[in-house]
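Novice: So the mapping is simple: the numbering used here equals the position in the sequence shown, first residue as 1, plus 68.
C-beta atoms are modelled at their ideal positions from N, C-alpha and C, and glycine is treated no differently.
Could you have a look at this structure, given as structure tokens, before my questions?
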Amino acid sequence: MTSAAETVDDYLPDDDVMLAARARAAELGCAAVAPSTGAALRFLATTVGAKAVVELGTGAGVSGLYLLRGMA
């Protein structure tokens, strides 16, 4: 049985940049955020009108990419 989160993640396709970051995370053994979590990060950054973000322990930077996209 597929969870709701997995269904949402399947619906949110990654572009080439995100796929490369996810591949790098896998190479490094880092856990990358799920697409649904990334969408939430992007939404929050957009909603608050973030002009700068600070992220600690980013691993391969997948979540950072979502935050940056929310700032664009």
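1) Can the beta-carbon of Gly138 be found less than 8 Å from the beta-carbon of Ala100?
2) How many Å lie between Leu135 and Asp84 at the Cα?
3) Pull up the distance between the alpha-carbon of Leu87 and that of Gly125, whole angstroms please.
4) Using C-beta distances below 7 Å, list every residue in its chain close to Ala107, excluding the 5 sequence neighbours before and after it, in chain order.
5) Thinking C-beta only, is Val130 closer than 8 Å to Arg90?
Specialist: Per the coordinate set shown:
1) Walking along the sequence shown from the start, residue 138 turns up at place 70. Walking along the sequence shown from the start, residue 100 turns up at place 32. Not in contact: Gly138 and Ala100 (Cβ atoms no closer than 8 Å).
2) One-based indexing of the sequence shown puts residue 135 at position 67. One-based indexing of the sequence shown puts residue 84 at position 16. So the two alpha carbons sit approximately 17 Å from each other.
3) Locating residue 87 in the sequence shown gives position 19, where the first residue counts as 1. Locating residue 125 in the sequence shown gives position 57, where the first residue counts as 1. When rounded, the distance between both Cα atoms is 20 Å.
4) By one-based count along the sequence shown, residue 107 stands at place 39. The answer, listed in chain order, is Leu80.
5) By 1-based counting over the sequence shown, the position of residue 90 is 22. By 1-based counting over the sequence shown, the position of residue 130 is 62. Arg90 is a Cβ neighbour of Val130, given a cutoff of 8 Å.
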